[in-house]
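According to the numbering used here, the stretch in the sequence shown is residues 763 to 911, in order.
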Amino acid sequence: YLAHVVAMEEISRGSASVALSYGAHSNLCVNQINRNGNHEQKTKYLPKLISGEHIGALAMSEPNAGSDVVSMKLRADKHGDKYVLNGSKTWITNGPDANTYVIYAKTDLEKGPHGITAFIVERDWKGFSRSNKFDKLGMRGSNTCELFF
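#1: Does the count of Cβ pairs from the segment 865-877 and the segment 791-802 closer than 8 Å reach three?
#2: Please look up how many angstroms separate the CB atoms of Leu909 and Gly828, rounded, as I've assumed it's under 8 Å.
#3: Out of Pro825, Lys840 and Pro809, which one is the CA nearest neighbour of Glu853?
#4: Between the Cα of Gly849 and the Cα atoms of Lys898, Gly874 and Ala821, which residue gives the shortest distance?
#5: Where Lys840 and Thr879 are concerned, what is the direct C-alpha to C-alpha distance, given to the nearest angstrom?
#6: Which word fits Tyr763, buried or exposed, when buried means at least 16 other C-beta atoms lie within 10 angstroms of its C-beta?
#7: Tell me the DSSP bridge mates of Arg837?
#8: Across which residues does DSSP place Arg892 in a beta bridge pair?
#9: Hey, would you say Ser942 sits closer than 8 Å to Gly903, going by beta carbons?
#10: Under 6 Å Cβ to Cβ from Val792, same chain only, skipping five residues before and after it: list those, please.
#11: Among the candidates Leu847, Ile773 and Ala786, whose CA atom is the shortest distance from the CA of Ala861?
#12: Expressed to the nearest angstrom, what Euclidean distance is found between the alpha-carbon atoms of Ser774 and Asn905?
#13: What's the C-alpha gap between Asp897 and Lys873?
#14: Which of the three DSSP states, helix, strand or coil, is assigned to Ile795?
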């Protein structure tokens, strides 16, 4: 992680907005898949994310919960061998541009923070959409939006 910190510091010298987008991609998305993904997920997603061909994002914040994951409302309900996500995420860095998203959703309400699962979602999947990018005052070079499931 030391090399990542040095890279972030140097990128930030030129543009904190670019560093924010890079950090969301490299540390929040790529690192999550690398540390927690199975072999199939790593093989499918990491090559394009690492090469820069694809952009990644992590979606945790919600309109009425902020970054408090215990208060999140996004649900993931199992239907056969798949999950269907229902809800929204907001203030997602790289949201308008990402190809690959790591999404936190509740799968078991009774387990509190232990009932949260991370899902990988691709930008073109049915039932998934994004708002237009937010018009922000600060960090304008880092695109942010809301995600809908």
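Here a beta-carbon is modelled for each residue, glycine too, at the ideal position from N, C-alpha and C.
According to the structure data:
#1: no
#2: Position 147 of the sequence shown, counted from the start, is the residue given in the question as residue 909. Position 66 of the sequence shown, counted from the start, is the residue given in the question as residue 828. About 15 Å separates the two Cβ atoms, so there is no contact after all.
#3: For the purposes of this step, residue 853 is identified with residue 91 of the sequence shown, where counting begins at 1. A quick correction: the sequence has Trp, not Glu, at residue 853. When each option's Cα is compared against that of Trp853, the closest is Pro825.
#4: Here residue 849 refers to the residue found at position 87 of the sequence shown. Comparing Cα positions, the closest option is Ala821.
#5: The residue labelled residue 840 in the question sits at position 78 within the sequence shown. The residue labelled residue 879 in the question sits at position 117 within the sequence shown. Rounded to whole angstroms, Lys840 to Thr879 spans 12 Å at the Cα level.
#6: Counting from 1 along the sequence shown, the entry for residue 763 is found at position 1. Tyr763 is exposed by the Cβ-count criterion.
#7: The count along the sequence shown starts at 1 and reaches residue 837 at position 75. The partner list for Arg837 (beta bridge, DSSP) reads Asn848 and Lys868.
#8: Numbered from its first residue, the sequence shown carries residue 892 at position 130. Leu909, per the DSSP bridge assignment.
#9: Look at the range of the chain in this structure, 763 to 911, and you will see that residue 942 is not part of it.
#10: Looking up residue 792 in the sequence shown gives position 30. Hits under 6 Å: Leu811 and Gly818.
#11: The residue you call residue 861 lines up with position 99 of the sequence shown. Strictly speaking, residue 861 in this sequence is Asn, with Ala absent from that position. Looking at the Cα atoms, Ala786 is the closest of the given residues.
#12: Taking the sequence shown and counting its residues from 1, the one referred to as residue 774 is at position 12. Taking the sequence shown and counting its residues from 1, the one referred to as residue 905 is at position 143. Distance between Ser774 and Asn905, taken at the CA atoms: about 16 Å.
#13: To locate residue 897, count along the sequence shown from 1; it is residue 135. To locate residue 873, count along the sequence shown from 1; it is residue 111. Roughly 37 Å between the two C-alpha positions.
#14: Position 33 of the sequence shown, counting from 1, holds the residue named residue 795. Here Ile795 sits in helix by DSSP.
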